[in-house]
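K.L.:
Sending over a structure as C-alpha cells; questions will come in a sec.
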Amino acid sequence: MKKIIGIAAIAAMVATSAFAEITFGAWGRSGLDLFGIGTSGTKTEGTGSDTETWADTTYNTTATPSWASGSRVGFSVAGTSEDGNIGFNVNVDANGGSWGVGDQAKIWANLGFVKVQFGKIQLDDLRGSIGDWGNRDISWKGEDAVFTRFQPSLGATISMTPIEGLFVGAAIDTSSGSGTVETKAMLKAAQVGAGYTVKDVVQLKAQFIGNGTDNDDGKYQTGTLEFGADLLMIKNNLVEIGFKLPMAEDNANGYFNAIVSAKGSADKLAYKAQVYGDFAQGAKLITTTENEMVPTIGINFGAEYDLSSFTVGLTGGYNITFQSESKSGVDASLVTNALLGELYAKKGFGNGYIFAGVADSVSFAVGSLTYSGDTAKSTTTKNSFYIPVGAEYWF
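If you count the sequence shown from 1, position 171 lands on 159 in my numbering, and the numbers rise without skipping.
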C-alpha cells in the first residue's frame, strides 16, 4: 500500500491557488544466495573410448540474485493535479548498488476517455498478472509470458476507454536509436492492442507487437500476434490463457507459444501454477542446416500455507526441450531436462516480509550423433544447491 502525503502547492504569482497531491511509494527485494555448491560433468559413450569428466566443484555466495532484480531497493514519486487530468510518475532504483531511473519516468494527461503518456512507461491494463514468484527462483515464465505489457523505454502511449469494459491502446518507442529513430522503423516496431472485459466473467484481448524489421523479401520476422483470455468467474481464483504467434518464416515456421496460468486461495492456502509450451523457437545442431523447431514444454507451481506466526511455502518447476535434425547422413538429437525447487519459510509484516529457504536446481542434457552407422552419446549433468535468504518491502 502506498502512503499518501497531500502537499498544497501555492501559486504565488497568480490570484488563485491550486492544490496538487504528491504520492510517495516504495518497493524493493534484496537478499543473498548463500553457500552455493555447483557441480557439472559430462559422460560420453560410443566414441571408441568412453569418458567421464567432472569440473571442479564451485562454492559461491551471490549478493545480486535474479529473484531480487539484482538486489533492488527503490522508491517512487507520483503527482496528480487537482482536477486529476495531468500528472507524473518516476521510479528511482538501486539495483546491486547502482542508482538509476527505474521502471517509469513519465508525464501523463487525460483528455476525456483518452489518456496520453510520454517518457518511460509501463501500461498494464492488458498484461498478464500471474508470473511474479517473489523470492522463489523459478521465474522461467513471468507475467509478460501470458500477455505483454505496453512498455516503451523512451516514447509514448495512447489509451482509450470509450465504453465500459473496452480498452484500446498503442505504444511507440525510440529507445533503439537513443531517442531518434527513422519514422518508418518506429512505426514497424509499434505495439497496438485491445481488450474487452465482462465484469466477473472474462477479459478477452489481442495485440500486435512489431519488431521494426523490414519484410521486403518475406523471410524475416515482422512482429508477434498475441491473444489472451482471463477467466474471472471463479471466486478467489484467476485463470489466464495466452497465445503468441511470431510472424516469422525463419523462426520455427510460425508455430505458436501457449501458456495457461492459474492462481487462487482457500482459507490459509494460496497457490499458483503455470503450464506452457514454446513451439515458436528455432535452433540448429548441424551447422549447415536451417533453424528447426525446438519445442519446450514445462510447468511451474507454488503453494503457501499460513501458520499464523509465519508462512511455509514450496515451489518448483520442470521443463523439457527437444531438438532433432538429419542431413546428409548425419542424425543429431538433444533432449534437455531442467528441474528445480525450493522449500522456504517467511515472516510477514504490515509492509513486507523476511524469508529463508533451501533450493536446488538440476539439468540433464542427453545428446546423440550418428554418422556412417556409428553413434556417439553424451550426457551432461549440472546441479546447483544454495540457501536463499532475503526480504521484500512495499509502501
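The beta carbon of each residue, even a glycine, is placed where N, CA and C say it ideally should be. This structure is a prediction, so every number in the text was calculated from the model and none was measured.
A347: buried (16+ other C-beta within 10 angstroms of its C-beta) or exposed?
P.N.:
A347 comes out buried.
K.L.:
Quick check: D21 and Y359, are their CB atoms within less than 9 angstroms of each other?
P.N.:
No, these two residues do not count as a Cβ contact at 9 angstroms.
K.L.:
Quick one: measure Cβ to Cβ for T309 and F289, integer angstroms, because I've assumed they're closer than 8 angstroms.
P.N.:
Their Cβ separation, rounded to whole angstroms, is 19 angstroms, which puts T309 and F289 out of contact at 8 angstroms.
K.L.:
Among G181, T149, L175, which residue has its Cα nearest to the Cα of A158?
P.N.:
Residue G181 is the option with its Cα nearest to A158.
K.L.:
Determine the DSSP secondary structure at T149, reduced to helix, strand or coil.
P.N.:
The answer is coil: DSSP assigns T149 none of H, G, I, E or B.
K.L.:
I'd like to confirm the pairing. Which residues does DSSP put opposite D294 in its beta bridges?
P.N.:
BP columns for D294 point to T299.
K.L.:
Do V134 and S249 count as a contact pair if the criterion is CB distance below 9 angstroms?
P.N.:
The answer is yes: Cβ separation under 9 angstroms.
K.L.:
Use the C-beta contact count for Y293: other C-beta atoms within 10 angstroms, 16 or more gives buried, fewer gives exposed.
P.N.:
By the neighbour-count rule (16 or more Cβ atoms within 10 Å), Y293 is not buried but exposed.
K.L.:
Under the rule that 16 or more other beta-carbon atoms within 10 Å means buried, what is A66, buried or exposed?
P.N.:
Its Cβ being crowded by 16 or more others within 10 Å, A66 is buried.
K.L.:
For S147, collect the residues of the same chain with a Cβ closer than 6 angstroms to its Cβ; drop the 5 residues on either side in sequence, then sort them by chain order.
P.N.:
Answer for S147: K103, G157, listed in chain order.
K.L.:
Between L154, S297, F138, D132, which lies nearest to E228 when the distance is taken from Cα to Cα?
P.N.:
Comparing Cα-Cα distances from E228 to each of L154, S297, F138, D132, the minimum goes to D132.
K.L.:
Mapping the DSSP letters down to three states, classify A408 as helix, strand or coil.
P.N.:
Residue numbering for the chain in the displayed model covers -11 to 383; residue 408 lies beyond these limits and cannot be assessed.
K.L.:
Please confirm whether F343 and G305 have their CB atoms less than 9 angstroms apart.
P.N.:
It is not a contact, given that the beta carbons lie outside the stated cut-off.
K.L.:
Find the nearest neighbour of S349 within the set T11, E330, G230, A271, judged by alpha-carbon distance.
P.N.:
When only C-alpha atoms are compared, the closest one is E330.
K.L.:
Alpha carbon to alpha carbon, how far is A261 from G340?
P.N.:
Roughly 23 angstroms between the two C-alpha positions.
K.L.:
Alpha carbon to alpha carbon, what distance is there between N224 and V263?
P.N.:
The alpha-carbon atoms of V263 and N224 are separated by roughly 20 angstroms.
K.L.:
What are the boundary residues of the beta strand (DSSP E) that I429 is part of?
P.N.:
In this structure the chain extends from -11 to 383, so residue 429 is not present and cannot be described.
K.L.:
Would you mind sorting W385 into buried or exposed? The rule is 16 or more other CB atoms within 10 Å of its CB.
P.N.:
The structure shown does not extend to residue 385, since the chain is modelled only from -11 to 383, so the question has no answer here.
K.L.:
Could you give the residue range of the beta strand (DSSP E) that holds N98?
P.N.:
N98 -> beta strand (DSSP E) spans 86 to 99.
K.L.:
Would you check if the distance between the CB atom of S59 and the CB atom of A43 is smaller than 9 angstroms?
P.N.:
Contact: no.
K.L.:
Where K105 and V323 are concerned, what is the direct C-alpha to C-alpha distance, given to the nearest angstrom?
P.N.:
Checking the sequence shown, residue 105 turns out to be Gln, not Lys. If you take the alpha carbons of Q105 and V323, they lie about 46 angstroms apart.
K.L.:
Using 8 angstroms for Cβ pairs, my map puts T145 next to I109. What's the rounded Cβ distance?
P.N.:
T145 to I109, Cβ: 5 angstroms. Contact.
K.L.:
With which residues is M281 paired in a DSSP beta bridge?
P.N.:
Answer is G270, bridged to M281.
K.L.:
Taking Cβ positions, are R137 and L114 nearer each other than 9 angstroms?
P.N.:
Contact flag set, yes.
K.L.:
Span of the beta strand (DSSP E) holding S366?
P.N.:
First-last of the beta strand (DSSP E) with S366: 362 to 382.
K.L.:
For the beta strand (DSSP E) that Y332 lies in, which residues bound it at each end?
P.N.:
From DSSP, the beta strand (DSSP E) with Y332 extends over 318 to 337.
K.L.:
Spatial neighbours of L273 within its chain, please: CB distance less than 7 angstroms, with the 5 preceding and 5 following residues excluded, ordered by chain position.
P.N.:
Excluding residues within five positions, the ones whose Cβ falls inside 7 angstroms are Q311, E313, A320, L322.
K.L.:
D362 to N48, Cα distance in whole Å?
P.N.:
Cα-Cα distance, rounded: 41 angstroms.
K.L.:
Could you please give the first and the last residue of the uninterrupted beta strand (DSSP E) stretch that includes W55?
P.N.:
Per DSSP, W55 belongs to no beta strand (DSSP E) and is neither H nor E.
K.L.:
Between the C-alpha atoms of G75 and G100, what's the straight-line distance to the nearest angstrom?
P.N.:
Rounded to whole angstroms, G75 to G100 spans 15 angstroms at the Cα level.
K.L.:
Name, in chain order, the residues that DSSP records as bridge partners for A250.
P.N.:
Beta-bridge pairing links A250 to V227, A261.
K.L.:
Starting from Y341, trace the beta strand (DSSP E) in both directions and tell me its first and last residue.
P.N.:
Where Y341 is concerned, the enclosing beta strand (DSSP E) stretches over 340 to 359.
K.L.:
Between the alpha carbons of L175 and I160, how many angstroms are there, rounded?
P.N.:
So the two alpha carbons sit approximately 7 angstroms from each other.
K.L.:
Express the C-alpha separation of K129 and F402 in angstroms, rounding to a whole number.
P.N.:
Residue 402 lies beyond the stretch modelled for the chain, which goes from -11 to 383, so this question has no answer here.
K.L.:
Roughly how many whole angstroms lie between the Cα atoms of N239 and G265?
P.N.:
In this prediction, N239 scores a pLDDT of 49, lower than 50, which makes its location untrustworthy; no coordinate-derived value is stated.
K.L.:
If you compare alpha carbons, which of L219, T168, G198 is closest to D188?
P.N.:
The candidate whose alpha carbon is nearest that of D188 is L219.
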